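To keep things clear, I will list the structure first and then write my remarks on it.
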Amino acid sequence: MDHFNIGGYHIKGYKEHDTMDGVAYVCTIWREGRKVGSAEQSGRGGSTMLYFADRAEQTAFEALATSRPAREYDDFTVPADGESLVEELITGWQFDRESRKKIVVRTSRKDDLGDLEIKGFKAAVSPAVLRQLKVQDPAITHYWETGKGWKAL
């Protein structure tokens, strides 16, 4: 099965639970079929802890992370670092999981947090269904392809 990946990295074993202050999670970080590290977030507002098999794996992961653009929002910027790369991989893992049960689409509209709106439809992905969704809602711009990421409509 394909896993959503960025630069050959993907996650496995993602588990989360709600805390009083947010969401705690753990996952393992894989690169090209090898477990190279893990990530832990306590859900208490602190940094995500990243652990790697060795210094070379950590250096390679951080180099990829910092080569990516920072994410700009109306009120703040999320820097390009290892923590934000893990969050992108988790988001991809979550969309992969959802897209096995429904079509996940992105629109040009913004949600309450200022992010692009994401919606799901219980249907199998096919060119005909995607065309029909686009006719019903012209703001739909992309759909999530499991293991690959966002694809333009």
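Note that the sequence shown covers residues 1 to 153 in our numbering.
Don't be surprised by glycine CBs; every beta carbon is placed ideally from N, CA and C.
All values derive from a computational prediction rather than experimental measurement.
Enclosing alpha helix (DSSP H) for residue i [first to last residue]
| i | result |
| --- | --- |
| V86 | G82 to S99 |
| S67 | R55 to S67 |
| R131 | P127 to Q136 |
Per-residue burial, residue i [other beta carbons within 10 Å of its own, 16 or more giving buried]
| i | result |
| --- | --- |
| H17 | exposed |
| A39 | buried |
| R73 | Before going further, note that residue 73 is Tyr rather than Arg in the sequence given. That one is exposed. |
| D54 | exposed |
| V86 | buried |
Beta carbon proximity, residue i to chain D, threshold 8 Å
| i | result |
| --- | --- |
| L89 | Of the protein chains in the structure, only one exists, and it is not chain D. |
Range covered by the beta strand (DSSP E) that runs through residue i
| i | result |
| --- | --- |
| S38 | R34 to Q41 |
| F121 | L116 to F121 |
| F52 | M49 to F52 |
| Y25 | V23 to R31 |
| R44 | Looking at the DSSP string, R44 is not in any beta strand (DSSP E), and its letter there is neither H nor E. |
Inter-residue Cα distance where the pair is residue i and residue j
| i | j | result |
| --- | --- | --- |
| F76 | G37 | 29 Å |
| Y51 | I29 | 9 Å |
| C27 | I90 | 9 Å |
| I118 | R106 | 5 Å |
| R97 | D111 | 21 Å |
Distance cut-off 7 Å: residue i Cβ against heavy atoms of the ligand FAD
| i | result |
| --- | --- |
| Q41 | Inclusion of the ligand FAD in the displayed structure is not the case, the ligand content being empty and no account of it being possible. |
Local conformation of residue i per DSSP, three classes
| i | result |
| --- | --- |
| H10 | strand |
| G149 | strand |
| T19 | coil |
| H3 | coil |
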